[in-house]
Amino acid sequence: MAELNIKQAHSSSLHDLRGVVAVVTGGASGIGNMITTALLSNGATVFIIDQNESLVQSVTKIYNEAAQTANLPGRLIGLVGDISKKSEAKRLADEVGKQAPYVTVLFNNAGILEGTFVPPTSGKAADFVEAYFDKVPEETFDRTLRVNAFGPYWLTFAFLPLLEKWKEHGFGDEGRKFPPQVIMTSSMNGWTKDSNTAGRSYPYIFSKAAIGQATSTLARELLPLGVRVNGIAPGLFVSGMSVPGSADASGQSFSKNNDHPFAVPTPQLPEELGGPSNVGGSRRDVASLVLFLLSNWYVNGETVLIDGGTLLVHASSY
1 MAELNIKQAH SSSLHDLRGV VAVVTGGASG IGNMITTALL SNGATVFIID QNESLVQSVT
61 KIYNEAAQTA NLPGRLIGLV GDISKKSEAK RLADEVGKQA PYVTVLFNNA GILEGTFVPP
121 TSGKAADFVE AYFDKVPEET FDRTLRVNAF GPYWLTFAFL PLLEKWKEHG FGDEGRKFPP
181 QVIMTSSMNG WTKDSNTAGR SYPYIFSKAA IGQATSTLAR ELLPLGVRVN GIAPGLFVSG
241 MSVPGSADAS GQSFSKNNDH PFAVPTPQLP EELGGPSNVG GSRRDVASLV LFLLSNWYVN
301 GETVLIDGGT LLVHASSY
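First residue of the sequence shown: 1, per the working numbering; consecutive thereafter.
Encoded structure:
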């Protein structure tokens, strides 16, 4: 009979991220901050990339001090950059390569939702043109797609050499538990047929539909390299995107609002256990999904919906 080792299935073995090097774009706040916290608290070295230099500095300081106080081996390294640019993708990969011999996982998480979108006031074509054409600046589409869809493309290929090196340096001993991977942050709005769930932002909806398709396409493209590509499609989480101005110096967002236009009734984790203070998903929800995708070898080309059942209520193609 084969040797029985049930400890391999224990969470302390599955999710021990010591030796793992992660890169998280938009990692200073919002869902990116939730991803970063999950990785850091389980022992990973995490590079967070954000355009907001002061936030990067404060988050890096606060979380490194917290990890040290809790005697956790993980640490944060902050980098400032604009992930929408091809030249920046190369520069950021080079900078990470100077400080780490490999990258285990790249989280293409950074995203934006810009502008105010007001629905037509009547059933006349002229009102639809005014709402969705006249009042939508071309620059809003351009910037949203550059950040949400083009940036992840440039970053994926810029970081491929470092992801490949993980197989050389990280596959010894415990490192072999974690194959190299790219994880995209998509959105439930990549599938929605109800623009209300995206604040009626068609630039945002278009960009998230694009990144959802890119996830499966790139997964197939990178099969020969042994680099997996998967995605996370969040629904409502309190963040600087869903509640503008809510992020504090630690990158966490809180809101006193106990309602939301498209919130659905769903059991929630108690606040004292890390649940949300109002509506939507929690940091723990994101953390458990991140740890699953990172430690799993057999999931590839998939985007996991984490929306509390929102798309069970609102029309979608999911």
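The beta-carbon is built from N, C-alpha and C at its ideal position, and this holds for glycine as well.
Whole-angstrom distance between residue j and residue i, CA atom to CA atom
| i | j | result |
| --- | --- | --- |
| Val96 | Glu88 | 12 Å |
| Phe206 | Gly212 | 10 Å |
| Asp82 | Lys208 | 19 Å |
| Glu130 | Pro120 | 8 Å |
| Gly19 | Pro73 | 9 Å |
| Thr116 | Asn71 | 45 Å |
| Phe237 | Ser54 | 23 Å |
| Lys135 | Ser201 | 12 Å |
| Met184 | Lys124 | 39 Å |
| Asn5 | Leu291 | 21 Å |
| Leu311 | Gly151 | 27 Å |
| His169 | Ala100 | 11 Å |
| Gly280 | Ile306 | 10 Å |
| Asp50 | Val56 | 7 Å |
| Leu113 | Val59 | 22 Å |
| Val118 | Arg143 | 20 Å |
| Asn33 | Ser122 | 41 Å |
| Phe254 | Pro224 | The predicted model places Phe254 with a pLDDT of 48, which falls under 50 and marks its position as unreliable; any figure quoted below should be read in that light. Going by the C-alpha atoms only, they are around 43 Å apart. |
| Lys7 | Phe157 | 36 Å |
| Asp285 | Asn42 | 15 Å |
| Pro161 | Asp94 | 10 Å |
| Glu139 | Ser11 | 46 Å |
| Val182 | Ile48 | 15 Å |
| Pro137 | Leu222 | 36 Å |
| Ala126 | Thr217 | 38 Å |
| Phe197 | Tyr318 | Per the sequence shown, the amino acid found at residue 197 is Thr instead of Phe. Cα-Cα distance, rounded: 14 Å. |
| Trp297 | Ser282 | 25 Å |
| Lys98 | Thr192 | 41 Å |
Distance CB(residue i)-CB(residue j) smaller than 9 Å
| i | j | result |
| --- | --- | --- |
| Val304 | Leu289 | yes |
| Glu164 | Pro179 | no |
| Leu155 | Asn230 | no |
| Ala38 | Ala287 | yes |
| Phe107 | Ile35 | yes |
| Thr215 | Ser187 | no |
| Ser29 | Asn52 | yes |
| Gly190 | Gly308 | no |
| Gly111 | Gly199 | no |
| Arg146 | Lys90 | no |
| Ile31 | Asn148 | no |
| Ala219 | Gly301 | yes |
Anticipated Cβ contact below 8 Å, residue i with residue j, distance rounded
| i | j | result |
| --- | --- | --- |
| Leu76 | Val46 | 5 Å |
| Val336 | Tyr102 | It is not possible to answer for residue 336, since the shown part of the chain is limited to 1 through 318. |
| Phe159 | Val23 | 7 Å |
| Leu203 | Phe141 | Looking at the sequence provided, one finds Pro at residue 203 rather than Leu. Right, their Cβ atoms sit about 5 Å apart. |
| Leu17 | Ala44 | 4 Å |
| Asp194 | His314 | 4 Å |
| Ser316 | Lys177 | With a Cβ gap of about 35 Å, Ser316 and Lys177 do not count as contacting. |
| Thr69 | Trp166 | Between Trp166 and Thr69 the Cβ distance is about 29 Å, and since that is not below 8 Å, they are no contact. |
| Leu40 | Ala9 | Leu40 to Ala9, Cβ: 24 Å. No contact. |
Bridge partner(s) assigned by DSSP for residue i
| i | result |
| --- | --- |
| Leu305 | Ala233 |
| Gly281 | Phe237 |
| Val182 | Leu106, Val229 |
| Thr217 | According to DSSP, Thr217 bridges with nothing at all. |
Those runs of the alpha helix (DSSP H) which lie wholly inside the region 22-53 and span at least 4 residues
Segments of the alpha helix (DSSP H) lying fully in the region 22-53: 30-41.
At which residue ranges does the region 62-120 contain complete alpha helix (DSSP H) runs of 4 or more residues, listed in the order of the chain?
Whole alpha helix (DSSP H) segments, 4+ residues: 86-99.
Give the list of continuous alpha helix (DSSP H) stretches no shorter than 4 residues that lie fully inside the region 144-168.
Segments of the alpha helix (DSSP H) lying fully in the region 144-168: 151-158.
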